[in-house]
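Quick note: the sequence shown uses this note's numbering, first residue 426, plus one each step.
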Amino acid sequence: MSALGTVFEGCRAEGRAALVTYLTAGFPDNATSRDAATAVVEAGADIVEVGVPYSDPLMDGPVIQDAADRALAGGFHVRDLLGNVEAVAAAGGVPVVMSYWNPILRYGPDAFARDLAAAGGAGLITPDLIPDEAGQWRTAADEHGIAPIFLVAPSSTDARLATTAAACRGFVYVASTMGVTGARTSVGTGARTLVERTRAVTDLPLCVGLGVSTREQAAEVATFADGVIVGSALVRTLGDGVASGAGLAPLRELTVELAAGVRRG
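Have a look at this one:
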């Protein structure tokens with residue numbers, strides 16, 4: 426069984442959803458971003474998305490855009506993220522990378538899949554790469570045991586949900602709303618409907634992202650999804666902690682709260 430399969434099987438045995446945390450590699454600097462990845466695993470994250478900073482994002486909101494800009498200004502290179510992947514794996518978490526396609530294409534899809542697997546990575550989420558145009562990546566991923574993970578959205582037709590889910594392994598990323606990432610005051614009602622529509626066409630675990638920032642929201646999403654993805658709230662908390670001198674403590678505290686939420690759902 427794959428590492429991702431083991432995570433979801435374990436969560437099902439505990440009667441809960443998985444907590445999937447996103448952190449931007451290289452933010453606020455390489456060393457701290459790796460310590461942060463370790464911290465969220467120790468605080469209860471099951472899967473950690475290691476985000477690749479990118480200068481021209483499509484779905485990143487202002488918090489993650491700012492983190493990416495600061496990482497790039499600090500000299501981040503794509504090869505640096507492998508250290509973050511290794512940190513997650515060493516801490517006992519399951520790392521997946523989230524990246525736009527251009528950095529992977531520039532690195533070389535086969536070389537990226539090889540190096541990601543060697544670092545302990547389990548999958549790659551590609552928000553701007555659709556399965557129809559992912560033949561090169563899917564071949565490389567299969568060769569090196571990396572799960573290709575694509576997104577479905579409220580605008581996806583039923584036929585599109587089926588073809589996208591069929592191209593995924595590990596889990597399906599369910600984007601709960603149309604728009605960019607960022608904490609929201611409530612989880613959109615469309616998330617549950619989209620999960621129900623997607624569950625009708627696949628047996629893969631379904632992880633909901635975009636908008637979750639609190640224990641209560643995590644608990645709500647955990648009632649109908651297999652995984653709860655939290656990004657912007659954690660990235661903002663990490664930045665605030667570093668800026669205030671509180672360090673990683675606020676990040677740990679929020680992760681503990683979110684982990685409690687998925688267990689209450």
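Just so it is clear, CB atoms sit at the ideal spot from N, CA and C, and this is done for glycine as well. Small disclaimer: the values here were computed from a predicted structure and weren't measured.
Using a Cβ-Cβ cutoff of less than 6 Å, which residues in the same chain neighbour residue i once the five nearest sequence positions on both sides are dropped?
i                 : result
leucine 554       : Trp526
isoleucine 654    : Val445, Cys632 and Gly634
phenylalanine 501 : Gly451 and Pro478
proline 534       : Gln561, Trp562 and Ala565
valine 687        : Arg441, Ala442, Leu444, Ala643, Ala647 and Val653
threonine 662     : Pro675, Leu676 and Leu679
arginine 689      : Ala644
Work out the CA separation of residue j and residue i for me, nearest whole Å.
i                 : j              : result
glycine 548       : arginine 459   : 18 Å
arginine 531      : valine 503     : 10 Å
aspartate 567     : alanine 462    : 26 Å
glycine 666       : alanine 492    : 14 Å
alanine 450       : glycine 545    : 16 Å
alanine 442       : alanine 470    : 11 Å
valine 522        : proline 552    : 11 Å
aspartate 485     : alanine 616    : 18 Å
valine 681        : alanine 674    : 11 Å
aspartate 481     : alanine 498    : 14 Å
alanine 438       : valine 432     : 10 Å
leucine 586       : leucine 619    : 9 Å
phenylalanine 537 : arginine 622   : 33 Å
leucine 448       : alanine 584    : 32 Å
valine 660        : alanine 644    : 20 Å
alanine 658       : proline 453    : 15 Å
arginine 539      : isoleucine 550 : 16 Å
alanine 684       : alanine 496    : 27 Å
phenylalanine 649 : leucine 429    : 19 Å
isoleucine 529    : glycine 508    : 16 Å
Just mark residue i as buried or exposed, buried being the case when its beta carbon has 16 or more other beta carbons within 10 Å.
i              : result
methionine 426 : exposed
proline 487    : exposed
glutamate 434  : exposed
threonine 639  : buried
leucine 409    : Residue 409 is absent from the structure shown; the chain starts at 426 and stops at 690.
aspartate 651  : buried
glutamate 558  : exposed
glycine 636    : buried
threonine 468  : According to the sequence displayed, residue 468 carries alanine and not threonine. That one is buried.
glycine 440    : exposed
alanine 456    : exposed
alanine 691    : Since the first residue shown for the chain is 426 and the last is 690, residue 691 is missing from the structure and cannot be characterised.
I'd like the list of long-range same chain contacts for residue i, defined as Cβ closer than 7 Å, with 5 residues on each side in sequence excluded.
i             : result
arginine 624  : Leu631
proline 520   : Val473, Val475, Val510, Val513, Ala514, Gly545, Gly546 and Ala547
leucine 736   : Summary: the structure shown does not reach residue 736, with the chain confined to residues 426 through 690, and so no result is reported for it.
glutamine 490 : Pro482
I want to see whether chain D comes within less than 8 Å of residue i, judged by CB atoms only; does it?
i           : result
alanine 461 : The chain labelled as chain D is not found in the depicted structure, where only one protein chain is given.
Identify every residue that forms a DSSP beta bridge with residue i.
i           : result
leucine 679 : Per DSSP, none; premise fails for leucine 679.
proline 573 : Leu549
glycine 476 : Thr449 and Met523
valine 597  : Leu631
Specify, as a first and last residue, the run of the alpha helix (DSSP H) that residue i falls within.
i             : result
leucine 506   : 506-515
glycine 652   : Segment 652-655 is the beta strand (DSSP E) holding glycine 652; no alpha helix (DSSP H) there.
serine 458    : 455-467
arginine 441  : From DSSP, arginine 441 is part of no alpha helix (DSSP H); its letter is neither H nor E.
proline 534   : 534-543
alanine 591   : 583-592
threonine 623 : 615-624
leucine 673   : It is not in any alpha helix (DSSP H) - leucine 673 carries neither H nor E in the DSSP assignment.
glutamate 645 : 640-647
alanine 470   : Neither: alanine 470 is in no alpha helix (DSSP H) and is coded neither H nor E.
alanine 492   : 487-498
Going by DSSP, what residue range makes up the beta strand (DSSP E) through residue i?
i            : result
cysteine 632 : 631-634
What residues in its chain sit with their C-beta under 8 Å from that of residue i, if we drop five residues either side in the sequence?
i             : result
valine 466    : Val473, Val513, Ala516, Gly517 and Gly518
glycine 670   : none
threonine 589 : Ile555, Pro556, Phe575, Leu576, Val577, Ser581 and Val597
alanine 672   : Note that residue 672 is glycine in the sequence shown, not alanine. Only Gly666 meet the Cβ criterion.
alanine 464   : Leu673, Leu676, Arg677 and Thr680
glycine 570   : Ser427 and Ala542
glutamate 641 : Gly686
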